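Accompanying notes for the structure given below.
Numbering (my numbering), first residue to last: 16 to 830.
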C-alpha cells in the first residue's frame with residue numbers, strides 16, 4: 016500500500032513529523048515501511064505556462080517556436096520538439112536556471128539559430144511515472160487542465176513535493192489497505208484525532224432522478240458468498256477527465272487515471288478500502304442486479320477483452336439474464352462505462368474473501384479490488400464508501416444522484432466485544448501498566464471501552480477484523496506502549512533440554528557419509544506425473560497412484576511412490592547441460608496406499624534413494640577415468656551400512672520392473688522377525704536409459720526407517736593383531752544359478768570364529784567348464800587373537816569348508 020504524505024494529512028494532523036519520522040514510528044509499532052519515496056526527483060523553478068503562439072521553426076520541420084507566458088511579466092520564446100504542443104495550452108515550463116532530475120540545469124540556448132529561453136516539459140522530464148498517463152501524453156509534453164493558474168509552481172499543481180510511504184503489510188493488517196486505515200494507525204501512534212471525509216456532501220443536490228428503487232433492483236441468490244450488496248443510481252453523468260488533484264492522488268498510489276467515473280471509484284477504494292464498481296445502467300436488463308454463482312460452461316468477456324469460461328464456484332454479478340461482472344474481480348465488457356454513458360448503477364458490496372481469492376487465482380486476475388476482498392473488507396464501510404463515490408460523481412461528473420439506496424442484506428455484521436483486565440496485560444507483557452494508561456491506549460485506537468476498575472470491555476470496530484481475542488488487544492497495547500519500553504525478563508519454569516530423535520541422528524550421519532563419498536544431495540518435488548509412476552513403479556509396484564484434486568500442473572498431479580524418477584530428471588537435466596557425471600541422493604517420502612479412492616490418509620514412508628552415472632572420477636594424466644558400475648554404488652551403500660553399525664545386510668538377485676534384469680539385487684535385512692526386503696539396488700533398464708537419453712545409470716532405493724530402526728550408531732574398535740594369519744585360496748566349480756553370497760555364507764558358518772575374512776577374487780565362465788557351470792575363487796584368511804594357529808588345524812578346518820561346499824552345492828575343486 017502506497018500512502019501519500021499530503022493525502023494522509025487530509026485526515027490526520029501530521030505537523031511536526033516528516034515522512035521519514037512517521038515511517039520510523041510506524042515500523043516500530045508493527046507496520047513496516049519498506050521505503051519513503053520522494054516524488055520530487057530534483058525539480059526546481061518549473062511553472063505553469065500558457066502557450067500564446069506556436070509557429071513552425073524556419074530551419075527545422077520537427078521543431079516549433081512558441082511564445083509562452085509564465086506569469087513573470089515577460090513572455091518567453093521557447094523552441095519545442097514535441098508533436099502535441101499547440102497554442103492555447105497550459106504546460107509546465109522550466110525557465111532558465113531551472114533544475115530537472117539527474118542534475119539537468121536549463122540554460123539559454125540556440126536551436127538551429129533560434130534562441131530558446133526555457134523548456135516545455137513532459138511528465139517523464141519532471142520525474143513522474145509517465146506509464147501512469149495516457150499514451151498520447153507519454154509521447155509528448157504534459158498538457159495541464161485549462162483552469163490551472165498561470166505562474167503557479169508545478170511542484171504544487173502536480174503535488175510533486177509529496178512523499179510516499181510504501182507499507183509492507185502482513186496479511187492480518189488489511190485495515191491499512193486504505194488511507195483512512197493508515198490515518199487511524201498514525202492517529203493512534205501520535206495521539207491525534209482522525210478527520211473523516213463528509214461522505215454525503217453533495218447528495219442533497221436537487222434533480223429529477225427520483226427514487227433509486229424506481230430505476231434499479233437488487234437480489235442476492237448466493238447468500239453465503241455475498242452478505243451485503245448496495246447500489247445507487249446516478250443520471251446525467253458526463254464522462255471526462257477527473258480533477259487534477261484526484262489524478263495526483265491516484266498516481267501517488269500507483270494507479271493510472273482513466274476518466275472521472277473510474278477514477279472516483281478507485282479514489283474511494285483507496286480512501287475507504289472498499290472496492291466499488293460502476294455499471295452503465297442502460298446496459299443492464301431492467302436495471303436489475305442478481306448476485307449468484309456461475310453455471311457450468313457459462314462465459315463472460317471481461318474488461319480486458321478476454322472471454323473466460325466460468326465454473327460453479329465463481330461468484331457473478333448478473334442482470335438476471337447475463338453475467339455483467341466477476342464479483343470482486345473484474346467487470347464485464349458488456350456493462351462497461353464508456354464515453355457515451357449517461358446513467359450509472361454504482362455498486363458497493365461485501366463478498367466472501369475465499370470465493371474471490373479462488374476465482375482470481377484460477378483466472379489469473381489479481382487486482383487492487385480482489386486483493387482487498389480476499390482479505391475481507393470492512394462491512395461498515397460499504398454504505399459510506401458508496402455515498403462518498405456518489406457525492407464525488409455529482410460534483411465532478413455532473414451527475415444527479417437518485418434518492419435512497421437499493422440494497423440486500425443476507426447476514427448482519429456481529430460486533431466484536433472482548434473482556435480484558437490490566438493484570439492479564441501486565442502478566443503477558445511483564446509490565447506494570449495502570450488502568451489509566453491502558454484506557455488511554457484504547458482511546459488512541461478509537462476503540463469504545465467500558466471500564467470497571469481494572470477490567471475493560473472493549474468494543475472492537477469492524478475495520479479491525481484482525482482483533483478477535485484478548486491476546487490481540489494485548490498486542491495492540493504492546494505496540495502503542497512501545498516494544499522498546501517493555502522490560503526484559505528471564506523466563507521462568509521447567510526447561511527441557513533439546514535433543515535429536517534417533518531418526519534425525521541417523522539422517523544426519525547418512526547425509527554426511529554420502530556427501531563424503533562424493534554424492535550431492537537433491538531435494539525434489541513430492542508430486543510427479545502419472546506416466547513416471549507407470550514406467551518406474553519403484554519399491555512399491557502394488558501401490559495405487561494418488562491424484563491431487565487441484566494440481567499446480569499436469570507434470571505435478573500425482574503423489575510419488577518412488578524417489579528415483581525425480582533423480583532421473585535431475586540426471587537428465589544435468590546431461591542436457593553437458594554435465595554427464597552425476598552422483599546424487601535424496602532422503603524423502605513416498606506416499607503409499609492400496610485404495611483406488613482414498614478413505615484414509617496414505618502411508619508416508621521415508622526413503623533413501625541414490626543415483627550414479629558417468630565417469631567414476633575426473634580424467635587425470637595418471638590414468639583413465641573408468642565408468643561407474645554396480646559395485647561403485649554398492650560400495651557407497653556399504654559405507655553407510657558400516658557407519659550405522661548395521662548387521663545382517665544381504666543381497667539377492669532380482670528382476671523388478673524398471674531395472675536391468677541381470678544387474679539388480681534386492682537389499683535384505685536380517686531381523687528378529689526374519690529376513691525382510693528393504694530396498695533394491697541395480698542398473699536402470701536399458702530401454703529406460705535410452706528413453707531418458709542416459710548412459711549406464713545405477714540406482715538404489717531403500718526404506719530409511721528400516722535402516723534407522725536397526726542402526727546401532729556405535730563405532731567399534733579392534734586391537735591390531737598380535738598373531739600371524741594363515742591364508743588359503745579355494746576355487747570351486749558350481750552350477751551357474753548358485754549365488755556367490757550363499758557360498759560365502761556357508762564358508763563363514765563352517766569356519767566359525769577362526770575365519771577373519773573372505774574375499775572373492777575371481778569368477779570364471781567358459782567353454783571348458785560347460786555352458787551351465789562357473790568357477791568361483793575365494794581367498795580365506797584364518798586368525799585368532801588368542802594364539803598362533805598351526806598349519807595342521809587350519810588345514811583340517813579348511814578341509815571341512817571344502818567338504819561342506821561339495822555337499823551343499825555339489826561343488827568341485829577346480830583343477
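Ideal Cβ positions, reconstructed from N, Cα and C, are used throughout, including at glycine.
Keep in mind it's a predicted model, so treat the numbers as computed, not measured.
Of the residues the options, the one placed nearest residue i, counting alpha carbons only
i: residue 60; options: 384, 676, 175; result: 175
i: residue 294; options: 747, 309, 351; result: 351
i: residue 206; options: 759, 32, 478; result: 32
i: residue 184; options: 760, 49, 160; result: 49
i: residue 416; options: 55, 617, 397, 360; result: 360
i: residue 618; options: 238, 86, 609; result: 609
i: residue 547; options: 525, 535, 571; result: 571
i: residue 477; options: 362, 565, 428, 375; result: 428
i: residue 561; options: 594, 612, 519; result: 612
i: residue 218; options: 402, 269, 119, 226; result: 402
i: residue 65; options: 139, 331, 104, 37; result: 104
i: residue 535; options: 598, 192, 164, 281; result: 598
i: residue 451; options: 468, 365, 460; result: 468
i: residue 783; options: 758, 743, 829; result: 829
i: residue 522; options: 814, 656, 329; result: 656
Spatial neighbours of residue i in its chain, beta-carbon cut-off 7 Å, leaving aside the 5 residues before and after
i: residue 916; result: No answer is possible for residue 916: it lies beyond the span of the chain, which begins at 16 and ends at 830.
i: residue 253; result: 412, 413
i: residue 649; result: 696
i: residue 672; result: 552, 556
i: residue 488; result: 433, 435, 473, 482
i: residue 606; result: 561, 574, 575, 576, 617, 619
i: residue 215; result: 402, 406
Residue i beta carbon near the ligand MG (any heavy atom closer than 7 Å)
i: residue 68; result: In terms of ligand content, the structure shown is empty, and the ligand MG therefore cannot be addressed.
Three-way DSSP call (helix, strand, coil) for residue i in this model
i: residue 753; result: coil
i: residue 136; result: coil
i: residue 742; result: strand
i: residue 683; result: strand
i: residue 471; result: strand
i: residue 485; result: helix
i: residue 345; result: strand
i: residue 8; result: Past the boundaries of the shown model lies residue 8; the chain is included only from 16 to 830, so the question cannot be answered.
i: residue 677; result: strand
i: residue 490; result: helix
i: residue 701; result: helix
i: residue 163; result: coil
i: residue 141; result: helix
i: residue 540; result: coil
i: residue 25; result: coil
i: residue 791; result: strand
Limits of the alpha helix (DSSP H) - the one that residue i falls within
i: residue 819; result: 806-824
i: residue 385; result: 383-389
i: residue 550; result: 545-550
i: residue 18; result: Counting along the chain, residue 18 falls outside any alpha helix (DSSP H), though it belongs to the beta strand (DSSP E) covering 17-19.
i: residue 719; result: 719-725
i: residue 374; result: 368-378
Close beta carbons around residue i, own chain, < 6 Å, minus the five adjacent residues each side
i: residue 762; result: 773, 816
i: residue 751; result: 787, 789
i: residue 107; result: 61, 136, 157, 169
i: residue 334; result: 299, 300, 303
i: residue 279; result: 404, 407, 408
i: residue 269; result: 17
i: residue 204; result: 40, 44
Close-in-space but distant-in-sequence residues of the same chain around residue i (CB under 8 Å, 5 per side omitted)
i: residue 236; result: 305, 306, 307, 308
i: residue 326; result: 309, 311, 377
Residue range of the unbroken beta strand (DSSP E) whose run includes residue i
i: residue 517; result: Premise fails: residue 517 lies in the alpha helix (DSSP H), 517-531, not in any beta strand (DSSP E).
i: residue 786; result: No beta strand (DSSP E) contains residue 786, which DSSP labels as neither H nor E.
i: residue 438; result: Here residue 438 belongs to no beta strand (DSSP E); instead the alpha helix (DSSP H) covers 437-444.
i: residue 126; result: 124-126
i: residue 774; result: 770-779
Start-end ranges of the beta strand (DSSP E) lying completely within the stretch 240-264, minimum 3 residues: 241-250
Length-filtered (3 minimum) beta strand (DSSP E) runs lying within the stretch 32-116: 47-53, 59-71, 79-84, 91-95, 105-115
4 or more residues per run - each alpha helix (DSSP H) lying fully within the stretch 393-421: 397-411
Every unbroken beta strand (DSSP E) inside the stretch 272-328 [3 residues or more]: Complete beta strand (DSSP E) runs here, min 3: 291-295, 303-308, 314-316, 322-324.
Start-end ranges of the beta strand (DSSP E) lying completely within the stretch 579-665, minimum 3 residues: 597-607, 618-628
Segments of 4+ residues assigned as alpha helix (DSSP H) that fall wholly inside the stretch 167-235: 169-172, 194-205
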